[in-house]
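A.B. asks:
Number of protein chains: 2
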Amino acid sequence: MENRFQIEIRLFMENTQLQAFIPLLYIVWSDNLLTEKEFATLQSFIDSQDWLSAEEKELLFSKITIANPPSRQDIADWKNKIEQSIQEQPAVKSIFEIAVVLSENNAVIQSLESSFVKLENDLGILGEEAIGNFKTKAKSHTVNSHTEASFDVQKITAILDGAQAPIINKVKSIISRPEFQYETSTDISVYRQKVFDWCKILAEENLGNMAYPKKYGGGENIADYFAIMETLSYHDLSLVIKFGVQFGLWGMSVQSLGTEKHYAKYLKDIGTLKLPGCFAMTETHHGSNVKGLETTATYNHENQTFTIHTPHEKAQKEYIGNAAVHGQMATVFAKLIIAGQDHGVNAFVVPLRDENAVVLKGITIGDCGHKMGLNGVDNGTIRFDQVVIPKENMLDRFASVNDKGEFESPIPSDNRRFFTMLGTLVGGRIGIPRSALAAAKSGLTIAIKYSDQRKQFGPEGGAEVPILNYRMHQRRLLIPLAKTYAVHFALQYLTQRFIDKTETEMQEIEGLAAGLKSYSTWSTTAILQECREACGGKGYLSENRIDALKNDTEIYTTFEGDNTVLMQLVAKNRLAEFRKSFGEMGSFGIINYVYENAKSAIAEKNPLAIRKIDEAHLLDSEFHLQAFQHREKTILASAARRVKKLIDNGLEVYDAFNVVQHQMIDMAEAYLDRVVLEQFQIAIAAVKDKKSKAILTKLNQLYALSQIEKNKGWYLEEGYMEAVKTKAIRKMVNQLCWDVRPDAVALVNAFAIPDSCLSSMFKHSV
Amino acid sequence: MENRFQIEIRLFMENTQLQAFIPLLYIVWSDNLLTEKEFATLQSFIDSQDWLSAEEKELLFSKITIANPPSRQDIADWKNKIEQSIQEQPAVKSIFEIAVVLSENNAVIQSLESSFVKLENDLGILGEEAIGNFKTKAKSHTVNSHTEASFDVQKITAILDGAQAPIINKVKSIISRPEFQYETSTDISVYRQKVFDWCKILAEENLGNMAYPKKYGGGENIADYFAIMETLSYHDLSLVIKFGVQFGLWGMSVQSLGTEKHYAKYLKDIGTLKLPGCFAMTETHHGSNVKGLETTATYNHENQTFTIHTPHEKAQKEYIGNAAVHGQMATVFAKLIIAGQDHGVNAFVVPLRDENAVVLKGITIGDCGHKMGLNGVDNGTIRFDQVVIPKENMLDRFASVNDKGEFESPIPSDNRRFFTMLGTLVGGRIGIPRSALAAAKSGLTIAIKYSDQRKQFGPEGGAEVPILNYRMHQRRLLIPLAKTYAVHFALQYLTQRFIDKTETEMQEIEGLAAGLKSYSTWSTTAILQECREACGGKGYLSENRIDALKNDTEIYTTFEGDNTVLMQLVAKNRLAEFRKSFGEMGSFGIINYVYENAKSAIAEKNPLAIRKIDEAHLLDSEFHLQAFQHREKTILASAARRVKKLIDNGLEVYDAFNVVQHQMIDMAEAYLDRVVLEQFQIAIAAVKDKKSKAILTKLNQLYALSQIEKNKGWYLEEGYMEAVKTKAIRKMVNQLCWDVRPDAVALVNAFAIPDSCLSSMFKHSV
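Protein chains in written order, with my numbering: chain G, 6 to 771; chain L, 6 to 771.
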């Protein structure tokens, strides 16, 4: 005999009108979001249905009593019923339509559409979503997106490597050798020695002296030297920095600031690493403000010597690479004092250790100890206590002491000479951003390959989906990918400008190098942050490389010049250029300039242009370049006006520049954005292979539009675009990310980073 | 007898008309920016001065021949002349005016003003700037700004600590003891053991069991427990995480998911650290998507046991804290299988090691090895090979197996039960953001104190200036400082809501916790990045703590739920709430809602309001809150409409949510921004001390306006503000930074972080 419970069930399942309530009951009990209030809502809904008998209502109420939940079997039965109804009628689209099917098209139920819809709203149920959970997901775009290269990877690699392909391949082959296996010891003395040994191997391969004159055993090839720096950066960044300190900073300082006698004496041994050395510029109290250095080099005419001295603890040399362990000599920057007169900062070669690595008398070396990264580099402090060096140790290309003991220089102004000296060292500001670029490439390769393989979540009941298919993830990795390609071409351009430089271009090139150093290193810092997060816990394990990439490059934004300081320098250069061009045009010129500027602004700001959102326009490279140029010009002109106004109003010049500091940084950034976009566009114009051109063009569009999106506040403020356009650009950025996604893995494969340099994750699926 | 050269000099110095050229000559030779072109410009200027004799022109030309520069003595003489003239006539403001003075008010020179101005322009010289370099700088605002607290530091500390002051002080005193000296060994086994020993000390001080029932030796004080987590975070973050794993994750999982028998058996030993354990949820293939866990717990009715098993390598437990070395037991999350039927994820206590730390049969432990940070925590992997545990080891608060071997649960839906289970573990999402907050406080204390002491650059000839006086530096550190104060009060609010929670509030609180966990941890990551850069090279040395703070908290954005995933969860909750409130109002309600919304939008968007820029308005807390609320409501409504539209147009639900993912994150962010602002405002309203209230109000204004500035693109797009207003806000942010600067050191001192936990930099000046 049936008990009461069984009777109820039978009644319920036989009554087709009641069946209509099944989807609601199922959702109420399976949804983890509903609360008591919603149960009450459903109860009052049932209560208000006049066509239900008191008994039927009672039965339904019993199914939604929190204290007396249905059995698991009940719930499973309901679910089956619903799924069956959907399979029979795949067109059903709402809870109500399921209810109709379950009630076998009962007329009463059919008349209830509006009450059902209201109830769904009251319960906060998105009907379609609830239904979706019962359907198969074959149609999902998100599920179906996958890796599928549209171009030939090797052709892109060839475009990236250009004429440096042979040296790049040579370096890749060297760092792939077993002896270059990563050092995993956390003991920094082990790591430092390993890095030194690696440098030795590179020197033997004639990579260290690549930029030196052939006369001294070098390769006389600056382009190759920078390509070596960049390619080595795929391997270990301590190695790159140690390499750069020895062959770049130490060697190049001798080459740039010294004369023939120094080359003959030192260059060969520096190039073979027989003579490890340092570049001792920064002091504890003076980093960015190099002019304020306090170490002294006092000339003694009687015995033709200089005495190098550290006047107080905070004037010691600090963070000096190669100092703590290996350096035998150093280029020391010190104020030259002759007969009590200060002749500004000059450079001297000072021995630190003998050949047995014993520190010489008068020299005190400290160890900077453990650092956030670059622990394979032995940074240290150096103090000089009245250290005497012979006169010939002065690096005397730009200044010297003559036979009478007088100061001599082809550049009379201390200030001017100082900046000329620094100008010859600009190479460091090319090597570092290129190294940073390589680190971004490595990080993106790891993160994008991981995200293509890593699956998490998926449509209810369907398979999980690669996380690279999610839109946010695409934004986080593919916009950086586009930017990395863009920066690549900008740094190629910088390198070429540096190699081809003439005297009159030096100031511009120094500005460009300072700017792109900041641009590239900040970009890398931001990108590696995204890469770490995109790899989740895997990104936190040291074996997966992002740890080292991130921590080693962290200091790139500081050394070779603090980025914020450099950006101000760039801005000041731009301001000076602006004033000149303004001045040269004369008063008519000024009017003309303002007029032209206004005219172009009007043309670009006409009501159609500022609202133009068709795809062809948004993807048009001319539109991009114009928008970037407009931003660059406008901020520059506005900052110039503002500084002038502040000073006219009585502010000290120094204060006025402090007030506009934020705008100065914006100005430098806008300038660099334009250079980067322009160089990417020029590089693409030269590409012949159609498929390569197509994908690079897409990346360029993504770079351009994502930068505009980032600065949309500015464009809206200026009235250069209206909201309808900035919103269309946001959508287009999303669309471009989606379109690039299938090519993403191929695009990082085109960096052709040796497997041995990448994360261990890709040895097996993740 | 005079030689030719000496005659020239004499002629030059005697000819007052020629003296007028001294400033130009000096600038040309001392400026490092001028190039050949500019020399040519100056030459043609001289050539065009008809009043000069051929001889005089020749003389002047000889002074600007690049091949034949003036002597250093010449340049020094010129400089003296100029400085003297300025001292005599302090009102001079341009190169021209100096020229007039030097020429002794020669009439010809006086008539040349316009040509001089044009020349200055042509040379790109900013006259005022050049003059400025000769003046003393006593008037400079930038130089004069300095630390000067406007309030009583201890009163702010008291406001921050609130009722938890006693426990906070106790913890601070413990971590200041000599035995808590930082471990500097890079050997992770040494570090892990040290952290374990520290935990032992904390357990002995009854800090570990603070949240457990008194019945089991606990303090039954949840508020104190979270205050302990936060305060410990000033010391070492590996310690905090190890502490959190043991007493929070492991202990609380027993307390929240188990029943009386488990409490009695385990809680006391967990609280004393006699029984170290793990929280084994995450698997290699399933992190964020916990529902997809693959470890199985198969029930065997014959012998009343469960068999725990890892079906394949990628289903192993991963990143499990306490697993690699110390854990003796673990709460293991696994799918419960009874008679072949899957009953969803449940929790089980599984022994891992015996008391001698020997790993038990069937258990395989791996070591996650070296990580980016938190190397004092022994994360590991765990694999189970058919490990049998007794039935009573099931944590059976929400589900159990009855005597007949049947599954039983008060929550019939697997889904619902699963989320209820997870809901009880929400405490982790309070401890982590509070720990992140403490790390931000530490980083800011180090960076702000450093920047107040560190001097670099200054007005020409003047003393160097603390870098905190520079506007960019202020933006980089003081906006984060304001945000950190804001987040502090939001997390206090979250903690209180959690303590006071009722069942109906749980969903909201879970959303709030997930959201603020993301908000706080992302904020900390960004802040510590600024702190590192703000400290330059010093920030890179491990001894200065930013290394550890940054790398240890790096994973906070991933664990306890990936931030991006959590933010989507928050957004989905908000969307569900929105739909409900929408629905309950009925169709009239909907119209009404839209109308009200539009009305308020109109009121706020009236042409006066959107352009209103008076100081009182910009600093008005009501304006701030309205702007935040408007953003929150508008994005929410817009996302809801957009999802619906996409689905109506035939997109799969899953795809539709992917398309709007970016907007979902914005929505969650806008919600959290509003909560944070609101709670900061409420907290300030309760402050009685006037000076404390004043400085907190200023910080609140800075937080509010800097957030609006960050989102200015959105406000402009929506027409909620016009450009004149967003520009005024940018200026006001700069001004607030400037105004807060003198209080900045006092504001970080109010965090009252023990000296022993801060950088070694402050032991001596930097």
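Built from N, CA and C at the ideal position, the CB exists for glycine as well.
#1: Between alanine 154(G) and aspartate 748(G), how many whole angstroms is the CB-CB distance? I'm expecting something under 8 Å.
#2: Under the three-state reduction of DSSP, which class applies to leucine 57(L): helix, strand or coil?
#3: Quick one: which chain L residues come within Cβ less than 7 Å of glutamate 548(G)?
#4: Helix, strand or coil for lysine 68(G), going by three-state DSSP, please let me know.
#5: For arginine 537(L) and chain G, any beta-carbon pair shorter than 8 Å?
#6: Name the DSSP bridge partner or partners of histidine 314(G)?
#7: Helix, strand or coil for phenylalanine 767(G)? Go by DSSP, reduced to three states.
#8: Which residue or residues does DSSP assign as beta-bridge partners of phenylalanine 389(G)?
#9: Whose C-beta lies closer than 8 Å to the C-beta of phenylalanine 503(L) among residues of the same chain, with five residues either side of it excluded?
#10: Going by the DSSP bridge assignment, what does isoleucine 342(G) pair with across the sheet?
#11: Got a sec: is the Cβ-Cβ distance from glycine 292(G) to anything in chain L below 8 Å?
#12: Nearest to proline 183(G) by CA position, among Glu63(G), Met572(G), Ala362(G), Ile206(G), is which residue?
#13: Quick one: does methionine 672(L) have its CB under 8 Å from some CB of chain G?
#14: Using the three-state DSSP reduction, which class does phenylalanine 353(L) fall into: helix, strand or coil?
#15: Along chain G, in chain order, which residues have C-beta atoms closer than 8 Å to that of tryptophan 34(L)?
#16: Compute the distance between the beta-carbons of tyrosine 239(G) and alanine 441(G), then report whether it is under 8 Å.
#17: Between aspartate 52(L) and lysine 585(G), how many whole angstroms is the CB-CB distance? I'm expecting something under 8 Å.
#18: Just reading off the beta strand (DSSP E) that alanine 285(G) is part of, what are its end residues?
#19: Kindly say whether valine 295(G), judged by its beta-carbon, lies nearer than 8 Å to any beta-carbon of chain L.
#20: List, in order along the chain, the chain L residues whose C-beta lies closer than 8 Å to that of glycine 542(G)?
#21: In three-state terms, what does DSSP make of threonine 21(G)?
#22: Suppose you measure from the CA of asparagine 327(L) to the CA of glutamine 573(L); what does that come to, to the nearest Å?
#23: Output yes if chain L places a C-beta closer than 8 Å to the C-beta of valine 664(G); else output no.
#24: Less than 8 Å between the beta carbons of asparagine 342(L) and threonine 303(L), yes or no?
#25: Can you give me the start and stop residues for the alpha helix (DSSP H) that lysine 446(G) sits inside?
#26: Given leucine 641(G), which residues of its chain have a CB within under 8 Å of its CB, disregarding the five upstream and five downstream residues?
#27: Quick one, which of Lys396(G), Ile387(G), Asn380(G) has its alpha-carbon nearest arginine 358(G)'s?
#28: Nearest to glycine 371(L) by CA position, among Leu379(L), His348(L), Asn384(L), is which residue?
#29: Could you check which residue in Lys695(L), Gly448(L), Leu427(L), Ala690(L) has the C-alpha nearest to that of lysine 543(L)?
#30: Using a Cβ-Cβ cut-off of 8 Å, state whether glycine 516(L) counts as contacting chain G.
#31: Using a beta-carbon distance cut-off of less than 7 Å, what residues from the stretch 473-490 of chain L approach chain G?
#32: Starting from threonine 731(L), find everything on chain C with Cβ-Cβ shorter than 8 Å and list it in chain order.
#33: List, in chain order, every chain G residue whose beta-carbon is nearer than 8 Å to that of alanine 728(L).
#34: Within 8 Å of any Cβ in chain L, is that where the Cβ of methionine 377(G) sits?
#35: Determine the direct distance from the alpha carbon of methionine 334(G) to that of asparagine 361(G), and round the result to whole angstroms.
#36: Of the choices Pro75(L), Tyr196(L), Trp34(L), Glu43(L), whose alpha-carbon is the least far from that of phenylalanine 17(L)?
C.D. replies: Quick answer:
#1: The residue given as residue 154(G) occupies position 149 in the first sequence. The residue given as residue 748(G) occupies position 743 in the first sequence. About 6 Å; that satisfies the 8 Å criterion.
#2: Start at 1 with the first residue of the second sequence, and residue 57(L) comes out as number 52. In this structure, leucine 57(L) counts as coil in the three-state DSSP scheme.
#3: Taking the first sequence and counting its residues from 1, the one referred to as residue 548(G) is at position 543. Those are Gly374, listed as they occur along chain L.
#4: Indexing the first sequence from 1 puts residue 68(G) at position 63. Coil.
#5: Working through the second sequence from its first residue, we reach residue 537(L) at position 532. With 8 Å as the cut-off, arginine 537(L) counts as an interface residue toward chain G.
#6: Residue numbering aside, residue 314(G) sits at position 309 when the first sequence is read from its first letter. According to DSSP, histidine 314(G) bridges with Thr301(G).
#7: Within the first sequence, the letter at position 762 stands for residue 767(G). In this structure, phenylalanine 767(G) counts as helix in the three-state DSSP scheme.
#8: Position 384 of the first sequence, counted from the start, is the residue given in the question as residue 389(G). Phenylalanine 389(G) pairs with Ile368(G).
#9: Residue numbering aside, residue 503(L) sits at position 498 when the second sequence is read from its first letter. Hits under 8 Å: Ile227, Val431, Gly432, Ile435, Ile514, Ala518.
#10: The sequence position of residue 342(G) within the first sequence is 337, counting from 1. For isoleucine 342(G), which the question treats as bridged, DSSP gives the partners Thr303(G), Asp347(G).
#11: Position 287 of the first sequence, counted from the first residue, corresponds to residue 292(G). So, interface residue.
#12: Within the first sequence, numbered from 1, the residue matching residue 183(G) stands at position 178. Checking every option, the nearest Cα to that of proline 183(G) belongs to Ile206(G).
#13: For the purposes of this step, residue 672(L) is taken as the residue at position 667 of the second sequence. Answer no: the Cβ-Cβ gap between methionine 672(L) and chain G never drops below 8 Å.
#14: Against the second sequence, residue 353(L) aligns to sequence position 348. Three-state DSSP puts phenylalanine 353(L) in a strand.
#15: For the purposes of this step, residue 34(L) is taken as residue 29 along the second sequence, with counting starting at 1. By Cβ distance, chain G contributes Pro417, Ser418, Arg421.
#16: By 1-based counting over the first sequence, the position of residue 239(G) is 234. By 1-based counting over the first sequence, the position of residue 441(G) is 436. Contact: no.
#17: Reading the second sequence from its first residue, position 47 is the one you call residue 52(L). Reading the first sequence from its first residue, position 580 is the one you call residue 585(G). Between lysine 585(G) and aspartate 52(L) the Cβ distance is about 20 Å, and since that is not below 8 Å, they are no contact.
#18: As a first step, residue 285(G) must be located in the first sequence, where it is residue number 280. From DSSP, the beta strand (DSSP E) with alanine 285(G) extends over 282-285.
#19: For the purposes of this step, residue 295(G) is taken as residue 290 along the first sequence, with counting starting at 1. Closer than 8 Å: no.
#20: Numbered from its first residue, the first sequence carries residue 542(G) at position 537. Per Cβ cutoff of 8 Å: Thr287, Gly292, Glu323, Tyr324, Ile560, Thr563, Phe564.
#21: If you number the first sequence from 1, residue 21(G) lands on position 16. Note: threonine 21(G) maps to helix in three-state DSSP.
#22: For the purposes of this step, residue 327(L) is taken as the residue at position 322 of the second sequence. For the purposes of this step, residue 573(L) is taken as the residue at position 568 of the second sequence. One C-alpha to the other measures close to 30 Å.
#23: Position 659 of the first sequence, counted from the start, is the residue given in the question as residue 664(G). Chain L, which has a Cβ nearer than 8 Å to the Cβ of valine 664(G), makes this yes.
#24: By one-based count along the second sequence, residue 342(L) stands at place 337. By one-based count along the second sequence, residue 303(L) stands at place 298. According to the sequence displayed, residue 342(L) carries isoleucine and not asparagine. The answer is yes: Cβ separation under 8 Å.
#25: Here residue 446(G) refers to the residue found at position 441 when the first sequence is read from its first residue. Lysine 446(G) -> alpha helix (DSSP H) spans 433-458.
#26: Taking the first sequence and counting its residues from 1, the one referred to as residue 641(G) is at position 636. So the qualifying residues of the chain are Arg579, Leu580, Phe583, Met672, Ala675, Tyr676.
#27: Against the first sequence, residue 358(G) aligns to sequence position 353. For arginine 358(G), the nearest C-alpha among the options comes from Ile387(G).
#28: Working through the second sequence from its first residue, we reach residue 371(L) at position 366. Checking every option, the nearest Cα to that of glycine 371(L) belongs to Asn384(L).
#29: The count along the second sequence starts at 1 and reaches residue 543(L) at position 538. Selected option, being the one with the closest Cα: Gly448(L).
#30: Here residue 516(L) refers to the residue found at position 511 when the second sequence is read from its first residue. Taking Cβ atoms only, chain G never reaches closer than 8 Å to glycine 516(L), which makes this a no.
#31: Tyr475, Arg476, Met477, Arg480
#32: The structure shown contains no chain C; its protein chains are G and L.
#33: Translated into the one-based positions of the second sequence, residue 728(L) becomes position 723. Within chain G, the residues near alanine 728(L) are Leu721, Glu722, Glu723, Gly724.
#34: Counting from one through the first sequence, the residue named residue 377(G) turns up at place 372. Chain L contact via Cβ: present.
#35: Counting from 1 along the first sequence, the entry for residue 361(G) is found at position 356. Counting from 1 along the first sequence, the entry for residue 334(G) is found at position 329. If you take the alpha carbons of asparagine 361(G) and methionine 334(G), they lie about 13 Å apart.
#36: Residue 17(L) sits at position 12 when you count from the first residue of the second sequence. The residue with the shortest Cα to Cα distance from phenylalanine 17(L) is Pro75(L).
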